[in-house]
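A.B. asks: Protein chains in written order, with my numbering: chain A, 29 to 258; chain B, 29 to 258. Cβ coordinates follow ideal geometry from the N, Cα and C atoms, glycine included. For reference, the structure I am asking about is given below.
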DNA sequence: CGTATGGATTGACTTAAGTCAACGACAACG
DNA sequence: CGTTGTCGTTGACTTAAGTCAATCCATACG
């Protein structure tokens with residue numbers, strides 16, 4: 029059995045696919061490995077298939093002329109990326125880079141289109157994945173334009189907590205510089221906001237461990253987007 | 029023949045669908061009409077199908093606590109909206125409101141899922157539509173976070189020009205207040221930026237008619253996101 | 001024909017967050 | 001054990017864009 033059969037058949041994208049199909053699919057997949065900070069593809073590159081991360085962590089991001097980066101997604105094992113050009117043609121809309129040593133499977137476009145054509149369940153899975161992406165983008169745009177940095181940060185921390193069993197102590201799985209890039213700000217500002225929120229006894233910060241002290245306060249901040257007091 | 033058969037079979041979403049299917053689909057569609065400023069659905073509403081605009085103009089938007097609005101899309105005839113919950117379940121991710129007297133067809137979820145299941149071409153069309161939405165969102169996030177207001181405005185004007193036969197005189201099809209909402213700013217700021225760009229002889233503004241005087245300058249501004257002077 | 005009404009503009013002021021630069025902490029490594 | 005580099009923090013300053021308020025303009029309307 030293929031080493032990634034279990035991972036692949038457990039992903040949202042390929043779930044419900046018969047074992048035969050999974051093995052067939054894995055037969056045509058190309059395994060790729062990337063060092064930390066290695067580019068996987070660049071915005072504008074011609075695309076010929078999609079990737080599924082199997083190991084490590086991948087950032088998808090845009091870069092401004094001046095070099096500021098806006099992170100769109102950070103993907104871990106099991107998550108597909110680079111799927112947009114498979115269906116709308118053309119080129120990748122953003123850059124992809126491994127932020128730690130990573131591995132991914134690459135699936136050529138034609139095999140996927142064939143699979144989807146013959147397999148309505150996979151088509152619906154793919155539509156579900158893309159719908160969730162769209163949903164997350166609307167939230168991200170909302171956060172970026174309708175909330176200030178402390179509001180975005182509070183919303184992020186609450187999201188992390190809900191992902192991590194609603195534990196009161198969350199652990200950042202990325203560097204603070206990357207978090208700043210995801211929140212649409214810069215490390216200096218993030219640092220100041222963490223300090224302010226600690227002053228207000230909303231949180232307690234120890235490296236990448238952040239203790240959420242006042243869930244109601246954080247929720248209010250995440251909702252209103254405005255910090256109540258200094 | 030159904031009055032909207034031509035419009036529907038010409039949309040990206042349903043193109044390539046056999047006439048029989050189109051008529052069947054139109055048989056189950058519900059026609060809806062909306063006055064100017066009437067809500068079509070609200071963020072958080074339980075969804076049971078998607079809409080295709082047939083007439084008028086629809087804005088899809090988010091609202092902040094303080095009432096500021098961020099417009100995500102403005103859709104005209106032939107464009108589907110409200111499709112996200114059809115595939116990922118749950119509720120609408122944003123509000124939809126008619127900005128002029130409008131009409132739309134509503135397609136119940138089950139009929140669509142059935143159609144897609146039995147019709148791979150439609151599945152691929154839907155995937156193409158959603159891919160393009162994702163692509164546009166990445167551009168929108170890039171503009172909102174990596175460019176300043178003049179850069180976003182220049183990019184918008186150039187996009188309008190390319191949509192309108194590359195004419196040097198573009199016509200805004202929405203109010204300046206709505207444009208501000210789409211660009212992630214407020215009418216006052218938009219007004220000032222138009223004035224600044226006019227001062228720099230980049231454009232000439234006469235109501236909703238905007239003459240693009242310096243395409244290279246506008247491109248530079250749209251790229252860099254920074255206004256060169258004044 | 002005067003007057004509401006919504007859209008747009010302008011001015012004075014405030015503020016969130018970016019820039020630039022220095023410094024601190026900590027781990028990895030020779 | 002000091003050196004080097006990465007990551008994070010802090011301070012002083014600048015700036016883009018938001019707020020609030022007044023005004024303007026055009027069109028619609030009684």
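Taking all protein chains shown into account, do 16 or more other C-beta atoms lie within 10 angstroms of the C-beta of residue 223 of chain B, making it buried, or fewer, making it exposed?
C.D. replies: The count along the second chain starts at 1 and reaches residue 223 of chain B at position 195. Exposed: under 16 other Cβ atoms inside 10 Å.
A.B. asks: Taking C-beta pairs closer than 7 Å, name the residues in chain A that residue 70 of chain B reaches, listed in chain order.
C.D. replies: On the second chain, position 42 is the one that residue 70 of chain B refers to. Per Cβ cutoff of 7 Å: no residues; residue 70 of chain B is ~14 Å from chain A at best.
A.B. asks: For residue 258 of chain A, is the classification buried or exposed, using 16 other Cβ atoms within 10 angstroms of its Cβ as the cut-off for buried?
C.D. replies: The residue you call residue 258 of chain A lines up with position 230 of the first chain. Residue confidence for residue 258 of chain A is low, a pLDDT of 45 falling below 50, so the modelled location carries little weight and cannot support an answer.
A.B. asks: Along chain B, which residues have their Cβ under 8 Å away from the Cβ of residue 169 of chain A?
C.D. replies: Stepping through the first chain from its first residue, residue 169 of chain A is reached at position 141. Identification of chain B residues near residue 169 of chain A by a Cβ-Cβ cut-off of 8 Å yields 90, 98, 100, 165, 168, 169 and 172, ordered along the chain.
A.B. asks: Cα-Cα, which of A:207, A:133 and A:168 is closest to residue 53 of chain A?
C.D. replies: Taking the first chain and counting its residues from 1, the one referred to as residue 53 of chain A is at position 25. The shortest Cα separation from residue 53 of chain A among A:207, A:133 and A:168 belongs to A:133.
A.B. asks: Just to make sure I have the definition right: I need the residues of chain A whose C-beta is within less than 8 Å of the C-beta of residue 121 of chain B. Which are they?
C.D. replies: As a working note, residue 121 of chain B is residue 93 in the second chain. What residue 121 of chain B touches in chain A: 162, 163, 166 and 167.
A.B. asks: Whose C-beta lies closer than 6 Å to the C-beta of residue 245 of chain B among residues of the same chain, with five residues either side of it excluded?
C.D. replies: As a position in the second chain, residue 245 of chain B is number 217, starting the count at 1. Closer than 6 Å at the Cβ level, and outside the excluded window around residue 245 of chain B, lie 230.
A.B. asks: Quick one: list the residues of chain B neighbouring residue 115 of chain A, beta-carbon separation under 8 Å, in chain order.
C.D. replies: Residue mapping note: residue 115 of chain A aligns to position 87 of the first chain, counting from 1. Per Cβ cutoff of 8 Å: 152, 155, 156, 158 and 159.
A.B. asks: Where do the N-terminal and C-terminal ends of the beta strand (DSSP E) with residue 83 of chain B fall, by residue?
C.D. replies: Within the second chain, the letter at position 55 stands for residue 83 of chain B. Start and end: 77-83.
A.B. asks: Hey, how far is the Cα of residue 153 of chain A from the Cα of residue 194 of chain A?
C.D. replies: As a working mapping, residue 153 of chain A is identified with position 125 in the first chain. As a working mapping, residue 194 of chain A is identified with position 166 in the first chain. When rounded, the distance between both Cα atoms is 28 Å.
A.B. asks: Give a yes or no on whether 8 Å exceeds the smallest Cβ distance from residue 190 of chain A to chain B.
C.D. replies: Here residue 190 of chain A refers to the residue found at position 162 when the first chain is read from its first residue. Not one chain B Cβ lies under 8 Å of residue 190 of chain A.
A.B. asks: Can you tell me where the beta strand (DSSP E) with residue 125 of chain B in it begins and where it stops?
C.D. replies: The residue given as residue 125 of chain B occupies position 97 in the second chain. 123-126 is the extent of the beta strand (DSSP E) around residue 125 of chain B.
A.B. asks: Pull up the CB-CB distance for residue 206 of chain B and residue 127 of chain B, whole angstroms please, since I reckon it's below 8 Å.
C.D. replies: Working through the second chain from its first residue, we reach residue 206 of chain B at position 178. Working through the second chain from its first residue, we reach residue 127 of chain B at position 99. Confirmed, about 7 Å.
A.B. asks: Given this structure, state the Cα-to-Cα distance separating residue 84 of chain B from residue 67 of chain B, to the nearest angstrom.
C.D. replies: Locating residue 84 of chain B in the second chain gives position 56, counting from the first residue. Locating residue 67 of chain B in the second chain gives position 39, counting from the first residue. Each residue's Cα considered, the two are about 14 Å apart.
A.B. asks: Does chain A have any CB closer than 8 Å to the CB of residue 107 of chain B?
C.D. replies: Along the second chain, read from residue 1 onward, the residue named residue 107 of chain B stands at position 79. No, residue 107 of chain B does not count as interfacial toward chain A.
A.B. asks: Exposed or buried, residue 187 of chain B, counting other C-beta atoms within 10 Å across all chains shown (16 or more means buried)?
C.D. replies: Locating residue 187 of chain B in the second chain gives position 159, where the first residue counts as 1. Exposed, since its Cβ has fewer than 16 Cβ neighbours within 10 Å.
A.B. asks: Using a C-beta to C-beta distance shorter than 8 Å, which residues of chain B count as neighbours of residue 251 of chain A?
C.D. replies: In the first chain, counting from the first residue as 1, residue 251 of chain A sits at position 223. Per Cβ cutoff of 8 Å: 93.
A.B. asks: At a cut of 8 Å, does the region 167-180 of chain B reach the region 113-123 of chain B through at least three beta carbon pairs?
C.D. replies: Counting C-beta pairs with one atom in each stretch, the region 167-180 of chain B and the region 113-123 of chain B have fewer than three that are closer than 8 Å, which means they do not touch.
A.B. asks: Does any CB atom of chain B fall closer than 8 Å to the CB of residue 148 of chain A?
C.D. replies: As a position in the first chain, residue 148 of chain A is number 120, starting the count at 1. Output row for residue 148 of chain A: interface = yes.
A.B. asks: At which residues does the beta strand (DSSP E) containing residue 59 of chain B begin and terminate?
C.D. replies: By one-based count along the second chain, residue 59 of chain B stands at place 31. Element bounds for residue 59 of chain B: 58-62.
A.B. asks: Could you give the DSSP three-state label for residue 103 of chain A: helix, strand or coil?
C.D. replies: Walking along the first chain from the start, residue 103 of chain A turns up at place 75. Strand, per DSSP.
A.B. asks: Pop quiz: residue 82 of chain A and residue 108 of chain A are said to be a contact at Cβ under 8 Å. What is the actual Cβ separation, rounded to whole angstroms?
C.D. replies: Walking along the first chain from the start, residue 82 of chain A turns up at place 54. Walking along the first chain from the start, residue 108 of chain A turns up at place 80. Wrong, their Cβ atoms sit about 11 Å apart, outside the cutoff.
A.B. asks: Secondary structure at residue 168 of chain B, three-state DSSP: helix, strand or coil?
C.D. replies: The residue given as residue 168 of chain B occupies position 140 in the second chain. Residue 168 of chain B: helix per DSSP, three-state reduction.
A.B. asks: Tell me the residue span of the beta strand (DSSP E) that contains residue 232 of chain B.
C.D. replies: Locating residue 232 of chain B in the second chain gives position 204, counting from the first residue. Run containing residue 232 of chain B: 231-234, per the beta strand (DSSP E) assignment.
A.B. asks: Could you list which residues in chain B have their beta carbon closer than 9 Å to that of residue 145 of chain A, in chain order?
C.D. replies: Position 117 of the first chain, counted from the start, is the residue given in the question as residue 145 of chain A. Near residue 145 of chain A (Cβ distances below 9 Å), the residues of chain B are 148, 149, 151 and 152.
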